[in-house]
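Worksheet for the structure shown next.
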Amino acid sequence: MKLGVSAYSYFGALSDNFTVADAIKHAKKTGFDGIEFLTGMKWKDLNETDSMKAFHDMCGEEGLEIYSLDGGTNFLGDTAAAIASAKKMVDNAVALGSPAIRCDTLGGDFGIAGASGIHGAIKIIADAVRQVADYGAEKGVKVMVENHGIIMQDSFIVEELINTVAHPNYGALVDIGNFLCADEDPVTAVGRMARYAMHVHAKDFHTKSGSEIFLPTNGWFGTRGGNYLRGAILGHGNVPVYQCLKILAGKGYQGAVSLEFEGMEPPVFAIESAFGALNKARTLIG
Numbered sequence: 344m345k346l347g348v349s350a351y352s353y354f355g356a357l358s359d360n361f362t363v364a365d366a367i368k369h370a371k372k373t374g375f376d377g378i379e380f381l382t383g384m385k386w387k388d389l390n391e392t393d394s395m396k397a398f399h400d401m402c403g404e405e406g407l408e409i410y411s412l413d414g415g416t417n418f419l420g421d422t423a424a425a426i427a428s429a430k431k432m433v434d435n436a437v438a439l440g441s442p443a444i445r446c447d448t449l450g451g452d453f454g455i456a457g458a459s460g461i462h463g464a465i466k467i468i469a470d471a472v473r474q475v476a477d478y479g480a481e482k483g484v485k486v487m488v489e490n491h492g493i494i495m496q497d498s499f500i501v502e503e504l505i506n507t508v509a510h511p512n513y514g515a516l517v518d519i520g521n522f523l524c525a526d527e528d529p530v531t532a533v534g535r536m537a538r539y540a541m542h543v544h545a546k547d548f549h550t551k552s553g554s555e556i557f558l559p560t561n562g563w564f565g566t567r568g569g570n571y572l573r574g575a576i577l578g579h580g581n582v583p584v585y586q587c588l589k590i591l592a593g594k595g596y597q598g599a600v601s602l603e604f605e606g607m608e609p610p611v612f613a614i615e616s617a618f619g620a621l622n623k624a625r626t627l628i629g
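Residue numbering for the sequence shown follows this note's numbering, starting at 344 and increasing by one per position.
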């Protein structure tokens, strides 16, 4: 099992004194095998494509692998524009040297009602997603959907989309923690999604029941079912990360696992702490 870190985890630390180049060096020094990037990330005055080329070269100098380029579009809006945007993401992944993109398919709940709910929306967007998967296959880039974004959150909904698209170059970026945003048990959800996994995010949350008299402040947010979550240092929260990783390994997943941290703690400290927990899990799982 190779361990990576999403550049998103460093966003709270990025500044003139701690750049993306510093994040890449830190990831390697900490012990990670690879890293993933997000669309829109720029290096100095370069455009996005040239920035991706620059990040590719930086990672090469550090001996750091690249696992994914993460972004998205909304196929229920201007479908032709969404397809073009997603194909551009594939092109940028080629420039980055990334073997995969995570392409969100819906912008929150936009357009869902007019599409007869999520099941109707999936039928509408499947052909557009299939075109992107075809293009990715031509370029040697896998196309993935992640369980996040309000609507495309539940494991059974993500599974339905993948099976409706029915393309060998299309699968899931399984985010272990994000299932809690829809109040779904991560263990059950990961067991369902393991067969579709092309990449994995390891994320932890602190949780509080919505049945408590609790007014969420300072980083807490509500789930669909009225419970509360706050990003945690991996290993400090309530997500059964180790159990979920065991499930994935037991189902034959052999890809990388990337840390995604979105808590309140200083990112560098949190990332280093989380690596220790992830590395221990890797050792125990074998």
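Note that beta-carbon positions come from the ideal geometry of N, C-alpha and C, so glycine has one too.
Does any heavy atom of the ligand ADP sit closer than 8 Å to the C-beta of residue i?
i: residue 369; result: As far as ligands go, the structure on display features none, and thus does not contain the ligand ADP.
What is the DSSP secondary structure of residue i, reduced to helix, strand or coil?
i: residue 523; result: helix
i: residue 378; result: strand
i: residue 449; result: coil
i: residue 361; result: strand
i: residue 398; result: helix
i: residue 499; result: helix
i: residue 444; result: strand
i: residue 540; result: strand
i: residue 595; result: coil
i: residue 529; result: helix
i: residue 508; result: helix
i: residue 369; result: helix
i: residue 404; result: helix
i: residue 389; result: coil
i: residue 606; result: coil
i: residue 584; result: helix
i: residue 494; result: coil
i: residue 534; result: helix
Excluding the 5 residues flanking residue i on each side, which residues of the same chain have their C-beta closer than 8 Å to its C-beta?
i: residue 553; result: 565, 566, 568, 569, 570, 571
i: residue 462; result: 503
i: residue 541; result: 443, 485, 487, 514, 515, 516, 598
i: residue 526; result: 566, 567, 568, 570
If distances are taken between C-alpha atoms only, which option among the options comes closest to residue i?
i: residue 364; options: 376, 394, 597; result: 394
i: residue 628; options: 609, 597, 602; result: 597
i: residue 486; options: 416, 548, 535, 589; result: 416
i: residue 428; options: 520, 475, 405; result: 475
i: residue 371; options: 400, 408, 397; result: 408
i: residue 373; options: 626, 618, 624; result: 618
i: residue 418; options: 611, 361, 466, 574; result: 466
i: residue 497; options: 544, 512, 528; result: 528
i: residue 588; options: 495, 362, 533; result: 533
i: residue 353; options: 551, 601, 558; result: 601
i: residue 595; options: 615, 440, 539; result: 539
What are the boundary residues of the alpha helix (DSSP H) that includes residue i?
i: residue 626; result: 610-628
i: residue 477; result: 460-482
i: residue 439; result: 422-439
Can you tell me where the beta strand (DSSP E) with residue i in it begins and where it stops?
i: residue 571; result: 571-575
i: residue 412; result: 408-415
i: residue 550; result: 547-551
i: residue 518; result: 513-518
i: residue 488; result: 485-489
i: residue 355; result: First-last for residue 355: undefined, no H or E at that position.
Only counting the same chain, and skipping five residues up and downstream in sequence, which positions put a Cβ closer than 6 Å to that of residue i?
i: residue 392; result: 435, 438
i: residue 581; result: 550
From the beta carbon of residue i, is the nearest beta carbon of chain C less than 9 Å away?
i: residue 410; result: In the structure shown, chain C cannot be found, because there is only a single protein chain.
Spell out the partners DSSP gives residue i in its beta bridges.
i: residue 554; result: DSSP lists no partner for residue 554.
i: residue 346; result: 600
i: residue 564; result: 572
Could you pull out every residue in the same chain whose Cβ sits closer than 7 Å to the Cβ of residue i, ignoring the five residues on either side in sequence?
i: residue 432; result: 382, 412, 414, 444, 446
i: residue 620; result: 577, 578
i: residue 389; result: 397
i: residue 426; result: 471, 474, 475
i: residue 591; result: 533, 537, 540, 543
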